[in-house]
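If you're matching positions, the sequence shown starts at 28 in my numbering and goes up one per residue.
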Amino acid sequence: MESESPAWLPKLLKEKRFFKSCEQHPSNEDNIVKFFCLDCCIPLCSECLRLHKLHRNIQIRRYVYNNVVKLMDLQKLFKCEQIQTYMANKAKVVYITSRRKVGPSKDLGTNCHQCDKSIQLPNRFCSLGCKVEFIEETDGSLMKFIKDWNFLPPLDVEAQNLTSNEDIVSTSNNENGSEVAIKEPEGNTVTGEVAGSGTTTRRRHRRKGHL
């Protein structure tokens, strides 16, 4: 990655400690790593976040066992056009890296230009990481896709809903708002409204010992 690109971007894409216990605060009740400091380029738990309260931070979330960021947060940092978005807890989210396969592939209309995962038109990439890799290999310069994030205020720790239980999610969604049904692991099926169908989004969960 070019030296002119911001330091936070490659660090975020390579970070492997999200949603693990914080090594700095092993005895804390809420020590799950679910934040990222853009200034220091390090992952944080809720206790770490208080020590970085004057820095610019973003919250990392979970969607179908993958790490995601809210679109409204990421688009303040990077031009997210043509990246597939999904609906989680009534907010659009973007995968940080190529999504991990959790079930049979479904033809959604096209494929990611970088990793070949199935996505919806008119998108070209399944994740932030895939768009970054594609730009580096074809265009070479990321700077025209980077937004000026120096004006961003520090993350308001008290105002955030700092919950880690965000792996209960809904349907996939593209920029046009059309949704498709996706199948989650362990028998949980999520059914969404396909564009123009008029069906209502619903969830169905099956537990062991129950029909």
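Even for Gly, the Cβ is constructed at its ideal location relative to N, Cα and C.
1. Identify the continuous beta strand (DSSP E) that holds V120 and give its terminal residues.
2. Hey, out of E42, L71, R44, Y92, whose CA is closest to A115's CA?
3. Enumerate in chain order the residues of its own chain whose CB-to-CB distance from V96 is below 8 Å, with the five nearest sequence positions on each side excluded.
4. Using a Cβ-Cβ cut-off of 6 Å (strictly less than) and excluding sequence neighbours within five positions of N55, which residues of its own chain qualify?
5. With a 10 Å radius around its C-beta and 16 neighbouring C-beta atoms as the bar for buried, classify S125 as buried or exposed.
6. How close, in whole Å, do the beta carbons of D66 and H82 come, if the pair is a contact with beta carbons under 8 Å?
7. Identify every residue that forms a DSSP beta bridge with S48.
8. Mind checking whether I162 and Q111 have CB atoms under 8 Å apart?
9. Rounded to whole angstroms, what's the CA-CA distance from P37 to C72? Just pull it up for me.
10. In terms of residues, what are the limits of the alpha helix (DSSP H) holding L101?
11. Since P70 is in the beta strand (DSSP E), which residue starts that stretch and which ends it?
12. Output needed for K43: all residues of its chain with C-beta closer than 8 Å, excluding positions within five of it in sequence on either side, in chain order.
13. Run through the DSSP bridge pairs and tell me what N150 is partnered with.
14. In terms of residue numbering, what span does the beta strand (DSSP E) encompassing K85 cover?
By the coordinates alone:
1. Its beta strand (DSSP E) spans residues 118 to 122.
2. Ranking the options by Cα distance to A115, first place goes to Y92.
3. Excluding its 5 nearest sequence neighbours in each direction, V96 has C-beta neighbours in its own chain below 8 Å: I85, Q86, I87, R88, V120, V121, I123, L155, listed in chain order.
4. So the qualifying residues of the chain are E74.
5. Within a 10 Å sphere around the beta-carbon of S125 sit 16 or more other beta-carbons, which makes this residue buried.
6. Confirmed, about 4 Å.
7. DSSP output for S48 lists I59 as bridge partner(s).
8. In this structure, Q111 does not lie closer than 8 Å to I162 by Cβ.
9. Taking the straight line joining both Cα atoms gives about 20 Å.
10. Segment 98 to 101, the alpha helix (DSSP H) holding L101.
11. 69 to 71 is the extent of the beta strand (DSSP E) around P70.
12. No residues qualify anywhere along the chain.
13. Beta-bridge pairing links N150 to no other residue.
14. First, the residue type needs correcting, since residue 85 is Ile and not Lys in the sequence shown. That run of the beta strand (DSSP E) goes 84 to 86.
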